[in-house]
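Beneath this line is the structure, given in structure tokens, with notes to follow.
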Amino acid sequence: MKKHYKKPCQRITEIMTEDYIKNNNHSNQQLDSIPLKNNITAYRDMEEKKLFLVENDAKSAKYLILQLCHFGFDIKNFPDFKGFKEAILKTEPAGIIIDIDYFSFSYEYLEPISQVSKNGEKKIPIIYISKRNDFDARIETVRAGADAYFVKPLDVSSLIGKLELLSAHAEQPEPFKILIIDDEIYKAQQYAQILYQAGMHTNIVNNPKQIMKPLVEFKPDLILLGFYMPEVTGAELARIIRQEEAFVSIPIVFLSTETDFKKQLVAMGQGADDFLTIPIKAEHLISSITNRIQRSRSLRAFMIKDSLTGLLNHTALKEQLEIEFKRANREQSMLSFAMIDIDRFKLINDNYGHLAGDNIVKSLSRLLKRRLRKTDIIGRYGGDEFAIILPNTKAAVAVKIIDEIREGFSQITHQYQNEEFSVTFSCGIASLSNYFDAIELNDAADKALYEAKQKGRNQTVMASE
Numbered sequence: 009m010k011k012h013y014k015k016p017c018q019r020i021t022e023i024m025t026e027d028y029i030k031n032n033n034h035s036n037q038q039l040d041s042i043p044l045k046n047n048i049t050a051y052r053d054m055e056e057k058k059l060f061l062v063e064n065d066a067k068s069a070k071y072l073i074l075q076l077c078h079f080g081f082d083i084k085n086f087p088d089f090k091g092f093k094e095a096i097l098k099t100e101p102a103g104i105i106i107d108i109d110y111f112s113f114s115y116e117y118l119e120p121i122s123q124v125s126k127n128g129e130k131k132i133p134i135i136y137i138s139k140r141n142d143f144d145a146r147i148e149t150v151r152a153g154a155d156a157y158f159v160k161p162l163d164v165s166s167l168i169g170k171l172e173l174l175s176a177h178a179e180q181p182e183p184f185k186i187l188i189i190d191d192e193i194y195k196a197q198q199y200a201q202i203l204y205q206a207g208m209h210t211n212i213v214n215n216p217k218q219i220m221k222p223l224v225e226f227k228p229d230l231i232l233l234g235f236y237m238p239e240v241t242g243a244e245l246a247r248i249i250r251q252e253e254a255f256v257s258i259p260i261v262f263l264s265t266e267t268d269f270k271k272q273l274v275a276m277g278q279g280a281d282d283f284l285t286i287p288i289k290a291e292h293l294i295s296s297i298t299n300r301i302q303r304s305r306s307l308r309a310f311m312i313k314d315s316l317t318g319l320l321n322h323t324a325l326k327e328q329l330e331i332e333f334k335r336a337n338r339e340q341s342m343l344s345f346a347m348i349d350i351d352r353f354k355l356i357n358d359n360y361g362h363l364a365g366d367n368i369v370k371s372l373s374r375l376l377k378r379r380l381r382k383t384d385i386i387g388r389y390g391g392d393e394f395a396i397i398l399p400n401t402k403a404a405v406a407v408k409i410i411d412e413i414r415e416g417f418s419q420i421t422h423q424y425q426n427e428e429f430s431v432t433f434s435c436g437i438a439s440l441s442n443y444f445d446a447i448e449l450n451d452a453a454d455k456a457l458y459e460a461k462q463k464g465r466n467q468t469v470m471a472s473e
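For my numbering, count along the sequence shown from 1 and bump the result up by 8.
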């Protein structure tokens, strides 16, 4: 079985100030390291995200490092600008956080920082933190290439949200996948070459009778369909495709020499989204396909994702649980399902307001996304409830993973005005055994969650077989 986790930061390097070093008789500014309160092992199966922190104050550095580490970041702190400049020439971090108060907003430091972030192939996000909240401070950092500015005391969850947003902008989206259906091999290959050069993935089907398998396996973002074919017309094929519920929302674009507008309209009435006439310029073809897919992806995300967290919504999550339940039974593999509920969430809303409650929900969603595998499916089940589908995972392993996340979440500091507080959650877990269907598995996890609440909250309970 594929390993579920690795150790992102069991130990953290802490850079202390000169006064601390002097008072404690340390000859080297960099101390060995300090252990975390808990042994974090659960981590998404992705490359660790290294952050560079430039912070001269040892206490502030330690606090920020510990908070960020719970979210799976690997943080390296520099107490001075010289060490930071040397390090960034050797390693390109996922982001840079700079306490600009230490540099007194000096142009001597601000100007080189903006250049440092552009040394690599892509721009490195820079976030400045400061006690100042005036216009002059903000404009100075903007001119120095700041991507974000946070005022102390820091809301670490919001800072992480900004980092993720900036990282998402820097990352390339998943390549578009185009299924080309045309009986003329040369013409289909010509279209495929144009789209390939635009960074898209293509799959060609020359026999219209063989479309179902590639539709299921290739999972196209768009179907480029020839209109006139000898054994079956494009319009007929479009109707066949639309008969399958799974393919109802996939954009279908006809590509043909047909110029009769009335015939084009009739054809589009059979289930197509657009009709392009050939000959067509490569730029026109690429632009039309790109726009269709982008709109389709946006619409799909709107339909299946929770607007606050970006996780799957309740309906989409339950549909995925049904799919994974059937797959696990078919393949005789393991499957665990976890239900999470934030403890005393109503009290949080009553004491700090609904905006603070929303921030807690977003904080937990970020933590789950950072600390679970890409193959795990996370959804927002309700207001303060989350659900996680863990394929190929035994219940005991799932409990260990969720418990580590639970402990980490309880140590995260949240901000409300000038007040700091922490939050916990409870969890119930059920795994595939003698449950008849996904509904029974869901109910078992829900009952285990209720038991965790009854036992005092802030714990994980495994459903009894």
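For each residue, glycine too, the CB sits at the ideal point set by N, CA and C.
Quick caveat: nothing in here was measured; it's all calculated off a predicted structure.
Requested in this report: Could you tell me if Asn450 is buried or exposed, where buried requires 16 or more neighbouring beta carbons within 10 angstroms of its beta carbon?
Outcome: On the sequence shown, residue 450 is found 442 positions in, with the first residue counted as 1. With 16 or more other Cβ atoms within 10 Å, it is buried.
Query raised in the report: So Asp2 is in the beta strand (DSSP E); what residue range does that whole segment cover?
Result: One cannot answer for residue 2 here, as it falls past the ends of the chain, which runs 9 to 473.
Query raised in the report: Which term fits Glu332, buried or exposed, when burial requires 16 or more other beta carbons within 10 angstroms of its beta carbon?
Result: Start at 1 with the first residue of the sequence shown, and residue 332 comes out as number 324. Burial call: buried.
Query raised in the report: What distance in whole Å lies between the Cβ atoms of Leu329 and Phe345, which are believed to be in contact at a cut-off of 8 Å?
Result: Counting from one through the sequence shown, the residue named residue 345 turns up at place 337. Counting from one through the sequence shown, the residue named residue 329 turns up at place 321. Sure, about 6 Å apart at Cβ, within 8 Å.
Query raised in the report: How long is the line joining the alpha carbons of Phe89 and Phe111, rounded to whole angstroms?
Result: Taking the sequence shown and counting its residues from 1, one reaches residue 89 at position 81. Taking the sequence shown and counting its residues from 1, one reaches residue 111 at position 103. Distance between the alpha carbons of Phe89 and Phe111 is about 9 Å.
Query - Distance CB(Leu173)-CB(Gly103) smaller than 8 Å - result: Translated into positions along the sequence shown, residue 173 becomes position 165. Translated into positions along the sequence shown, residue 103 becomes position 95. Cβ atoms of Leu173 and Gly103: not closer than 8 Å.
Query raised in the report: Taking all protein chains shown into account, do 16 or more other C-beta atoms lie within 10 angstroms of the C-beta of Glu252, making it buried, or fewer, making it exposed?
Result: Translated into positions along the sequence shown, residue 252 becomes position 244. Counting of Cβ neighbours within 10 angstroms places Glu252 among the exposed residues, the total staying below 16.
Requested in this report: Within the same chain, show all residues whose beta-carbon is closer than 7 Å to that of Gln272, passing over the 5 residues directly before and after it, in chain order.
Outcome: Stepping through the sequence shown from its first residue, residue 272 is reached at position 264. Only Glu266 and Phe283 meet the Cβ criterion.
Query raised in the report: What first and last residue would you give for the beta strand (DSSP E) that runs through Glu339?
Result: Residue numbering aside, residue 339 sits at position 331 when the sequence shown is read from its first letter. That residue, Glu339, is in no beta strand (DSSP E); its alpha helix (DSSP H) goes His322 to Glu339.
Query raised in the report: Based on the DSSP output, what are the partners of Gln423 in its beta bridges?
Result: As a first step, residue 423 is located in the sequence shown; it is residue number 415 there, counting from the start. BP columns for Gln423 point to Glu428.
Query raised in the report: Considering only residues of the same chain and omitting the five flanking positions on each side of Phe226, which have a CB-CB separation below 8 Å?
Result: The count along the sequence shown starts at 1 and reaches residue 226 at position 218. Hits under 8 Å: Lys185, Leu187 and Asn211.
Query raised in the report: Going by the CB atoms, is the gap between Ala69 and Leu61 shorter than 8 Å?
Result: Reading the sequence shown from its first residue, position 53 is the one you call residue 61. Reading the sequence shown from its first residue, position 61 is the one you call residue 69. Yes; because the gap between Cβ atoms is below 8 Å, this pair is in contact.
Query raised in the report: What residues are listed by DSSP as bridge partners for Gly234?
Result: For the purposes of this step, residue 234 is identified with residue 226 of the sequence shown, where counting begins at 1. DSSP output for Gly234 lists Leu263 as bridge partner(s).
Query - For Val476, three-class secondary structure by DSSP - result: Outside the modelled stretch of the chain, which goes from 9 to 473, sits residue 476, for which no answer is possible.
Report task. Spatial neighbours of Asp163 within its chain, please: CB distance less than 6 Å, with the 5 preceding and 5 following residues excluded, ordered by chain position. Result -> The residue labelled residue 163 in the question sits at position 155 within the sequence shown. Once the five neighbours on either side are set aside, the close Cβ partners of Asp163 are Gln423.
Query - Buried or exposed (CB count within 10 angstroms, at least 16 for buried), Ile420 - result: Translated into positions along the sequence shown, residue 420 becomes position 412. When all chains shown are included, Ile420 counts as buried.
**Report entry** Residue interval of the alpha helix (DSSP H) (run including Ser418)
**Finding:** If you number the sequence shown from 1, residue 418 lands on position 410. Ala403 to Ser418 is the span of the alpha helix (DSSP H), which, as asked, contains Ser418.
**Report entry** Per DSSP, cross-strand counterpart(s) of Ala395
**Finding:** Along the sequence shown, one-based indexing puts residue 395 at 387. Within the DSSP secondary-structure output, Ala395 pairs in a beta bridge with Met347 and Gly387.
Query raised in the report: When the distance is taken between beta carbons, is Leu232 closer than 8 Å to Leu245?
Result: To locate residue 245, count along the sequence shown from 1; it is residue 237. To locate residue 232, count along the sequence shown from 1; it is residue 224. No, the pair does not count as a contact, with Cβ atoms beyond the cut-off.
Query raised in the report: Between Pro87 and Asp366, what straight-line distance do the alpha-carbon atoms span, to the nearest angstrom?
Result: For the purposes of this step, residue 87 is taken as the residue at position 79 of the sequence shown. For the purposes of this step, residue 366 is taken as the residue at position 358 of the sequence shown. If you take the alpha carbons of Pro87 and Asp366, they lie about 34 Å apart.
Requested in this report: Could you round the C-beta distance between Ile288 and Leu230 to whole angstroms and report it? I think they count as a contact, below 8 Å.
Outcome: If you number the sequence shown from 1, residue 288 lands on position 280. If you number the sequence shown from 1, residue 230 lands on position 222. Actually they do not touch by this definition, with Cβ atoms about 15 Å apart.
Query raised in the report: Going by C-alpha distance, which of Asp268, Val274, Pro183 and Phe235 is nearest Val261?
Result: The count along the sequence shown starts at 1 and reaches residue 261 at position 253. The candidate whose alpha carbon is nearest that of Val261 is Phe235.
Query raised in the report: Looking at Arg374 and Phe79, is the spacing between their C-beta atoms short of 8 Å?
Result: Mapped onto the sequence shown, residue 79 falls at position 71. Mapped onto the sequence shown, residue 374 falls at position 366. For Phe79 and Arg374, yes; Cβs fall inside 8 Å.
Query raised in the report: If we ignore side chains and look at the alpha-carbon of each, how far apart do Phe429 and Ser371 end up?
Result: Along the sequence shown, read from residue 1 onward, the residue named residue 429 stands at position 421. Along the sequence shown, read from residue 1 onward, the residue named residue 371 stands at position 363. One C-alpha to the other measures close to 13 Å.
**Report entry** For Lys57, the first and last residue of its enclosing alpha helix (DSSP H)
**Finding:** As a first step, residue 57 is located in the sequence shown; it is residue number 49 there, counting from the start. Premise fails: Lys57 lies in the beta strand (DSSP E), Lys57 to Val62, not in any alpha helix (DSSP H).
Query raised in the report: Mind checking Phe143: buried by the 16 CB within 10 Å criterion, or exposed?
Result: In the sequence shown, the residue the question calls residue 143 occupies position 135. The residue in question, Phe143, is exposed, as its Cβ has fewer than 16 Cβ neighbours within 10 Å.
Query raised in the report: What do you get for Thr468, buried or exposed, if any count of 16 or more other CB atoms within 10 angstroms of its CB means buried?
Result: Here residue 468 is taken as the residue at index 460 of the sequence shown, counted from 1. Counting Cβ neighbours within 10 Å, Thr468 comes out buried, since at least 16 surround it.
**Report entry** Rounded straight-line distance, which links the Cα of Leu316 to that of Ser434
**Finding:** Against the sequence shown, residue 434 aligns to sequence position 426. Against the sequence shown, residue 316 aligns to sequence position 308. Going by the C-alpha atoms only, they are around 21 Å apart.
Report task. Just the C-alpha distance for Lys57 and Leu167, rounded to the nearest angstrom, thanks. Result -> In the sequence shown, residue 57 corresponds to position 49, counting from 1. In the sequence shown, residue 167 corresponds to position 159, counting from 1. About 15 Å.
Report task. Determine the burial state of Gln218: buried for a count of at least 16 other Cβ atoms within 10 Å of its Cβ, exposed for fewer. Result -> Stepping through the sequence shown from its first residue, residue 218 is reached at position 210. Residue environment analysis places Gln218 among the exposed positions, since fewer than 16 neighbouring C-beta atoms fall within 10 angstroms of its C-beta.
Query raised in the report: Going by alpha carbons, who is nearest to Thr285 out of Asp351, Ser264, Asp411 and Val274?
Result: Locating residue 285 in the sequence shown gives position 277, where the first residue counts as 1. Closest by alpha carbon: Ser264.
Query raised in the report: Does the pairing of the stretch 339 to 356 with the stretch 435 to 443 give three or more beta-carbon distances under 8 Å?
Result: yes
Requested in this report: Quick one: grab the DSSP three-state call for Tyr157.
Outcome: Counting from 1 along the sequence shown, the entry for residue 157 is found at position 149. For Tyr157, the secondary structure class from DSSP, reduced to helix, strand or coil, is strand.
Requested in this report: Could you spell out where the alpha helix (DSSP H) holding Gly242 opens and where it closes?
Outcome: For the purposes of this step, residue 242 is identified with residue 234 of the sequence shown, where counting begins at 1. Gly242 -> alpha helix (DSSP H) spans Gly242 to Gln251.
Requested in this report: Could you tell me the boundaries of the beta strand (DSSP E) in which Lys67 lies?
Outcome: Working through the sequence shown from its first residue, we reach residue 67 at position 59. For Lys67, no beta strand (DSSP E) segment is defined; the enclosing uninterrupted segment is the alpha helix (DSSP H) at Ala66 to Cys77.
**Report entry** Distance between Lys461 and Asp392 (C-alpha atoms, nearest Å)
**Finding:** Working through the sequence shown from its first residue, we reach residue 392 at position 384. Working through the sequence shown from its first residue, we reach residue 461 at position 453. If you take the alpha carbons of Asp392 and Lys461, they lie about 14 Å apart.
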